[in-house]
Amino acid sequence: MDKDCHYMDKSYSSLMREPTPLVSERTVSGRYFFHEIEPSTSGVIRPAFGGREVCDFRYEERRTTFPFYALEYVASGEGEVTLNGVGPVRLRPGMTFAHGPGIALHMKAHTPMIKYFLCLNGRGVRTALTQRLGLLATTRVRASHGDLQELFELLLREAVDASPQAATISRYLLEILLTKLEPGKMEGAHGTALRDRFLACKAFIDSEGRSCTDLKALAQATGNSIPSLHRLFRQHTGITPYRYLTQHKMNWAARELLKTDELVKQVAERVGFEDPLHFSRAFKRCLGLSPAAYRALHGATPWSSDHQA
56 MDKDCHYMDK SYSSLMREPT PLVSERTVSG RYFFHEIEPS TSGVIRPAFG
106 GREVCDFRYE ERRTTFPFYA LEYVASGEGE VTLNGVGPVR LRPGMTFAHG
156 PGIALHMKAH TPMIKYFLCL NGRGVRTALT QRLGLLATTR VRASHGDLQE
206 LFELLLREAV DASPQAATIS RYLLEILLTK LEPGKMEGAH GTALRDRFLA
256 CKAFIDSEGR SCTDLKALAQ ATGNSIPSLH RLFRQHTGIT PYRYLTQHKM
306 NWAARELLKT DELVKQVAER VGFEDPLHFS RAFKRCLGLS PAAYRALHGA
356 TPWSSDHQA
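In terms of our numbering, the numbers along the sequence shown are unbroken and rise by one, the last being 364.
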């Protein structure tokens, strides 16, 4: 987790009431969720908090312990980690490891690095990480790991949702993730390199898609050519990458239309559409209704003068 060691002197309760220390100045950006702010050994295993962090090459973290058991996964980039004095071990895409109370950790990036982490609560967390996964204070790498990134991203997306079901859904997704991480499945033939590339592209769209203005930007961001994107999405989804990207943007826009009172043109701009009419047409193609009709159908509060868009 991205935290400078000098914050470890604080009690965890006070630290969590001050969320800024969770993100060091060496983290470029991060998305986080917080369901529980105290370690607990009661109940089923569940995510307490977690996130996705984009760390620059100066990122470094050193500590002697941590109050939660944490599961970490490197999606891209390189670095190194030392756990309980063993290492340093090279961090690379597909690497997973776990740490927690009484486990010393020293981690740093050699290149810009994207990583996910989940801090866990519940009865038997240590046993699960030790006996079921064999990951506590140990690293393991999976060459084909796009499915792991997709699961981490899906869990994060559901966990940050403000709905009453968010904690329940994220708990079930965690169990799926833990099953995927079991040693017998880590090196299994559950996907070719081609499928892994598709899952990595899909995970990028699901997390960053609304910032992509077109397929050229998507291709550059994911390290693919435009023809390669078409082959990947045609093979695995039956639709074009542009249609998948547009559907993602419209699904995100639909949520924003219901939970905010922004103008349609403001929501359109946030998903890369400069022309509100173009956005409205795309929205209607994907969801069957205009933005105004969609808001009215779901009982959202009417807003300002662009309601006809």
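For every residue, glycine included, the Cβ atom is placed at its ideal position computed from N, Cα and C. Owing to the predicted nature of the structure, the values given are computational and were not obtained by experimental measurement.
*asked:* Under 8 Å, with one C-beta from each stretch per pair, do the stretch 124-141 and the stretch 157-166 reach the 3-pair mark?
replied: yes
*Same chain, Cβ closer than 6 Å to Phe323, neighbours up to 5 away in sequence not counted*: The residue you asked about is not Phe; residue 323 is Ala in the sequence shown. The residues are Pro331, Phe334.
*Who does Phe88 pair with in a DSSP beta bridge?*
Gly105
*Do the stretch 100-111 and the stretch 172-182 touch if we need at least three Cβ pairs shorter than 8 Å?*
yes
*Three-state secondary structure assigned by DSSP to Ala130*: strand
*Under 8 Å, do Gly264 and Leu228 count as touching if we go by C-beta distance?*
no
_As a quick exercise: from Gly155, Phe259, Leu190, pick the residue whose alpha carbon is nearest that of Thr119._
Gly155
*asked:* Taking DSSP's pairing of strands, which residues face Glu116 in a bridge?
replied: Met162
*Range of the contiguous beta strand (DSSP E) that encloses Val144*: 141-146
*CB-CB length for Ser6 against Arg147, believed under 8 Å*: Since the displayed the chain opens at 56 and closes at 364, residue 6 lies outside it and no answer follows.
*On the three-state DSSP scale, how would you describe Phe334?*
helix
*Under 8 Å by Cβ, that's how I've got Ala258 and Gln204 pegged, so tell me the actual separation to the nearest angstrom.*
4 Å
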